[in-house]
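Q: Take this structure first; my questions come after.
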């Protein structure tokens with residue numbers, strides 16, 4: 274099927290446009306600058322305008338120079354009188370107050386540092402005491418457990434002896450008095466076992482309380498140290514602000 278005439282026309286137009294664009298791209302002046310002649314002048318540092326500032330606000334009383342006058346280092350430029358005639362005295366008082374404030378903050382900061390050391394020593398002391406109490410409670414528990422084991426063994430022996438004597442009594446081979454003594458021995462052994470169990474439970478409670486006291490000592494000690502450290506940081510900030518204020522004066 275032959276191509277349509279319109280298609281061939283569009284193809285030729287595109288080819289011609291592409292060639293024209295390439296020719297234009299190669300010949301177009303892409304440099305965005307111009308050339309010319311001239312002169313650049315820069316003032317020397319000493320010839321530049323120099324700003325003059327006064328350390329305090331005031332009123333001009335006298336000019337010692339005029340525009341264009343050459344001056345040397347140390348020559349007077351202008352005479353100014355203070356708006357506040359008591360400025361120097363007031364500044365001196367403010368500086369003295371700022372110095373006293375700084376000294377107070379520094380003393381308080383030293384006190385805070387001593388408080389931190391005291392809190393750390395107190396924490397260590399409380400923890401050591403709580404750990405010692407815990408060790409003592411654990412040893413007491415071990416002794417109570419050993420007594421309980423001995424009491425249980427004694428109860429078992431008493432029960433066996435009571436059963437043996439009771440059997441002999443029923444067979445007429447043992448006196449009734451022996452049976453009564455064996456029964457009393459079993460009761461006493463059972464009472465001893467119950468007492469040993471109570472002591473063991475109390476010892477377990479003491480160990481639990483000692484562990485709780487140890488954790489509390491650690492938590493309270495950490496809280497006191499952290500509180501003292503927070504006060505120290507606040508004191509350091511106050512000292513820095515006071516020093517900055519003193520330097521501005």
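In my numbering, the protein residues as written are 274 to 522. Every residue gets a Cβ at the ideal spot worked out from N, C-alpha and C, and that includes glycine. Bear in mind that the values here come from a model prediction, so they are computed numbers and not experimental data.
Nearest by alpha-carbon distance to residue 431: which of 419, 369 and 460 is it?
A: The shortest Cα separation from residue 431 among 419, 369 and 460 belongs to 460.
Q: May I ask you to report which of helix, strand or coil DSSP gives residue 355?
A: The answer is strand: DSSP assigns residue 355 an E or B state.
Q: Going by DSSP in three states, residue 333 sits in which element: helix, strand or coil?
A: Here residue 333 sits in strand by DSSP.
Q: Using only alpha-carbon positions, find the residue among 326, 394, 352 and 344 that is nearest to residue 335.
A: Comparing Cα-Cα distances from residue 335 to each of 326, 394, 352 and 344, the minimum goes to 352.
Q: What's the call for residue 435, buried or exposed, on a 16-neighbour Cβ count within 10 Å?
A: Buried, because 16 or more other Cβ atoms sit within 10 Å of the Cβ of residue 435.
Q: Might you give, ordered along the chain, the residues of its own chain that have their beta carbon closer than 7 Å to the beta carbon of residue 356, omitting 5 neighbours on each side?
A: Counting only Cβ-Cβ distances below 7 Å, and skipping sequence neighbours, we find 330, 331 and 332.
Q: Short check: CB of residue 487 to CB of residue 407, under 7 Å?
A: Yes.
Q: So residue 393 is in the alpha helix (DSSP H); what residue range does that whole segment cover?
A: Residues 360-443.
Q: Just to confirm the assignment, what range does the alpha helix (DSSP H) spanning residue 518 have?
A: Run containing residue 518: 449-521, per the alpha helix (DSSP H) assignment.
Q: So the candidates are 479, 385 and 468; which of them puts its Cα closest to the Cα of residue 500?
A: For the residues 479, 385 and 468, the minimum Cα distance to residue 500 belongs to 385.
Q: With distances taken Cα to Cα, identify the nearest neighbour of residue 476 among 285, 512, 347 and 421.
A: Ranking the options by Cα distance to residue 476, first place goes to 421.
Q: Under 7 Å between the Cβ atoms of residue 463 and residue 428?
A: Yes, these two residues count as a Cβ contact at 7 Å.
Q: Would residue 490 pass as a contact of residue 389 if the rule is Cβ separation under 7 Å?
A: No, these two residues do not count as a Cβ contact at 7 Å.
Q: For the region 467-485 against the region 402-416, do three or more pairs of beta-carbon atoms, one drawn from each stretch, fall closer than 8 Å, so that the two count as touching?
A: Judged by Cβ distances under 8 Å, the region 467-485 makes contact with the region 402-416, as three or more pairs qualify.
Q: Per DSSP, what kind of secondary structure is residue 295 in: helix, strand or coil?
A: Note: residue 295 maps to helix in three-state DSSP.
Q: On the premise that residue 382 lies in contact with residue 505, defined as a C-beta separation below 8 Å, what is that separation, rounded to the nearest angstrom?
A: Their Cβ separation, rounded to whole angstroms, is 7 Å, which keeps residue 505 and residue 382 in contact under 8 Å.
Q: State buried or exposed for residue 410, treating a residue as buried only when at least 16 other CB atoms are found within 10 Å of its CB.
A: Buried: at least 16 other Cβ atoms inside 10 Å.
Q: Measuring CB to CB, does residue 379 end up less than 7 Å from residue 512?
A: Yes; because the gap between Cβ atoms is below 7 Å, this pair is in contact.
Q: From this set, 397, 493, 347 and 323, which residue's C-alpha is nearest residue 340's C-alpha?
A: Ranking the options by Cα distance to residue 340, first place goes to 323.
Q: So, under 8 Å CB-CB, residue 466 and residue 425 are touching, yes? Tell me the CB distance rounded to an integer number of Å.
A: Their Cβ separation, rounded to whole angstroms, is 6 Å, which keeps residue 466 and residue 425 in contact under 8 Å.
Q: For a test of the three-state rule: what should DSSP assign to residue 300, helix, strand or coil?
A: Correct three-state label for residue 300: helix.
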